[in-house]
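Protein chains in written order, with the working numbering: chain A, 52 to 276; chain B, 52 to 276. Cβ atoms here follow ideal geometry from the backbone N, Cα and C, with glycine treated the same way. Here the structure comes first, spelled out in structure tokens, and everything after it is commentary.
Protein chains: 2
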Amino acid sequence: MKISELSRRSGVSIPTIKYYLRDGLLPPGRATAANQADYGEEHLRRLRLVRTLVGVRRLPVGAVKEILGAVTEQGGDLHQIFGIVTDARPVTQQQKQAREREREEAGEETGGVADARELVAAMGWEVNPGTAAVRSLGEVLDALADMDAGIDWRSLLPYARLADRISELDVQQMNGVSGVLELAERAVLVSVLLEPALLAMRRLAQEDKSARLFGGGPKEGEGEG
Amino acid sequence: MKISELSRRSGVSIPTIKYYLRDGLLPPGRATAANQADYGEEHLRRLRLVRTLVGVRRLPVGAVKEILGAVTEQGGDLHQIFGIVTDARPVTQQQKQAREREREEAGEETGGVADARELVAAMGWEVNPGTAAVRSLGEVLDALADMDAGIDWRSLLPYARLADRISELDVQQMNGVSGVLELAERAVLVSVLLEPALLAMRRLAQEDKSARLFGGGPKEGEGEG
DNA sequence: CGCAATGGATAGTAGTGCGATCCGTTATCT
DNA sequence: AGATAACGGATCGCACTACTATCCATTGCG
């Protein structure tokens with residue numbers, strides 16, 4: 052199919068498709084002439100996946116490119132896929148944090164990261180020590196310490212146990228999927244796309260709980276169920 | 052204290068502090084003269100909170116402003132605080148999605164949002180129907196449907212149950228905190244700051260689980276424990 | 001054979017967080 | 001009291017991102 056059809060069937064504008072092609076998010080179509088290329092169903096699937104990752108979750112285009120490269124090349128090693136996908140961090144767009152990142156990567160490890168490793172050890176998780184998630188968790192623990200919140204890594208253990216059960220659900224989602232690329236795509240979807248869903252559901256449950264506990268306010272007397 | 056001391060004690064550069072003052076993220080100091088202002092400990096706390104929300108979590112400055120305004124003004128109504136805080140969405144920076152948002156707000160409701168409401172009903176959650184989280188969840192369900200992932204709102208129910216338990220932990224974090232502003236700040240921290248922590252722990256657990264299930268690959272023979 | 005569509009490249013746009021600089025004023029040190 | 005440095009405020013500019021618009025020669029298709 053031509054780019055116009057790809058655009059119509061995907062709902063993505065032609066300039067955006069061109070942009071993705073330029074950046075390597077979409078593999079180039081098979082060139083049938085100097086100014087004609089042929090796109091297949093795989094391009095459509097890939098385009099939908101890109102739109103999902105960039106649009107719903109807000110991964111930077113570069114991260115999406117890495118993920119897709121991993122899916123395409125080493126579609127076999129699911130653990131690799133999971134690792135690359137989960138290591139992707141949301142959009143940053145500041146250079147200052149890049150410097151902080153450099154400082155941390157230069158070996159200077161904050162106390163929060165050490166705490167994060169303790170939590171990982173306490174949970175019995177076997178992970179790559181350099182995983183971005185450890186740094187993320189460390190940042191949060193640092194911030195909590197800075198804020199004198201009285202929340203340390205031990206208080207996160209109940210959360211960690213629930214996170215563990217979530218991850219069990221995650222790997223269950225891989226059941227019944229056959230085909231290497233399909234498995235990889237499913238891994239991407241489960242890891243990446245369910246994040247905002249989880250957060251949204253947590254927020255909804257929070258709203259429910261906080262309404263029951265704190266919401267019996269003076270203004271709106273919604274009879275508590 | 053003067054702005055320089057505020058900068059030193061917070062680790063935030065003076066131009067950044069000025070920027071926050073401009074945008075209303077920090078209340079202006081008490082002006083002691085035409086070019087002198089006095090900042091107190093509350094400014095320091097507020098500044099740390101801002102840095103946490105903007106830096107660790109990546110809330111747009113406008114959202115942080117709303118949250119802080121809510122914390123300051125209606126510090127009493129915890130449910131209100133939770134609502135405003137959890138309604139804040141991560142940085143968007145595209146106008147196209149703003150248009151999509153408009154379309155949705157114009158009344159045109161996608162199927163995913165309807166599914167999200169079904170999930171909410173199935174969980175027995177009582178929430179404001181206009182909550183942003185419902186739309187977020189709807190977006191994800193739309194995306195899942197678009198991808199033909201075979202994941203519908205029913206398959207998210209186990210996740211929803213875990214989210215519910217997470218929210219129970221969340222409200223437990225409010226115990227032992229006294230003082231209206233302290234409670235509000237705690238609500239912000241718990242709602243906002245634990246999000247990346249949760250996601251990070253989920254990723255770590257995923258990595259652990261995927262290593263056990265799929266990682267016994269040919270390359271690295273880490274004895275499965 | 002002609003016109004519109006195609007693919008490719010090069011700018012330009014919007015929005016964000018933040019830094020640099022200028023400017024008039026004022027605290028502070030001597 | 002006078003020099004000097006810092007202050008607060010405002011404006012401009014930067015870097016980054018995802019995306020759009022425009023121009024170009026080429027070419028398919030009726």
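How about the region 70 to 87 of chain A and the region 220 to 232 of chain A: do they share at least three Cβ pairs that are nearer than 8 Å? no
Hey, how far is the Cα of Pro-78 of chain B from the Cα of Glu-93 of chain B? 10 Å
Give a yes or no on whether the minimum CB-CB distance between Ala-173 of chain A and chain B is below 7 Å. no
Rounded to a whole number of angstroms, what is the C-alpha to C-alpha distance between Tyr-164 of chain B and Ala-82 of chain A? At residue 164 of chain B the sequence reads Val, which differs from the Tyr that was named. Each residue's Cα considered, the two are about 40 Å apart.
Which of the three DSSP states, helix, strand or coil, is assigned to Asp-199 of chain A? coil
My assumption, with CB atoms under 8 Å, is that Leu-76 of chain B sits in contact with Leu-110 of chain B. Please give the rounded CB distance. Their Cβ separation, rounded to whole angstroms, is 11 Å, which puts Leu-76 of chain B and Leu-110 of chain B out of contact at 8 Å.
Strictly below 7 Å CB to CB, what residues from chain A border Ser-187 of chain B? Pro-247, Ala-251
Ala-256 of chain B lies in the alpha helix (DSSP H); which residues open and close that run? 245 to 265
Distance check for Glu-258 of chain A and Glu-258 of chain B, CA to CA, integer angstroms please. 30 Å
Between A:Gly-201, A:Ala-214, A:Met-198, which lies nearest to Met-174 of chain A when the distance is taken from Cα to Cα? A:Ala-214
Apart from the five residues just before and just after Met-52 of chain A, which ones in its own chain have a Cβ nearer than 6 Å to its Cβ? Tyr-90
Do we get a CB-CB distance below 7 Å when we pair Glu-190 of chain B with the residues of chain A? yes
Could you pull the start and end residues of the beta strand (DSSP E) that Thr-83 of chain A belongs to? 81 to 84
If the criterion is Cβ atoms closer than 7 Å, does the pair Leu-255 of chain B and Trp-176 of chain A meet it? yes
Bounding residues of the alpha helix (DSSP H) (the contiguous stretch that carries Glu-223 of chain B): It should be noted that the sequence gives Gln, not Glu, for residue 223 of chain B. Where Gln-223 of chain B is concerned, the enclosing alpha helix (DSSP H) stretches over 208 to 223.
Collapsed DSSP secondary structure at Asp-193 of chain B in the structure displayed: helix
Would a C-beta distance cut-off of 7 Å place Ala-194 of chain A and Thr-123 of chain B closer than the cut-off? no
Output yes or no for whether 7 Å exceeds the beta carbon distance between Ser-61 of chain B and Leu-98 of chain B. yes
Nearest-angstrom beta carbon gap, Pro-209 of chain A and Arg-108 of chain A [assumed within contact, 8 Å]: Between Pro-209 of chain A and Arg-108 of chain A the Cβ distance is about 26 Å, and since that is not below 8 Å, they are no contact.
Starting from the C-beta of Ser-58 of chain A, find all residues in its chain whose C-beta is less than 7 Å away, skip the five residues before and the five after it, and write them out in chain order. Ser-64, Ile-65, Ile-68
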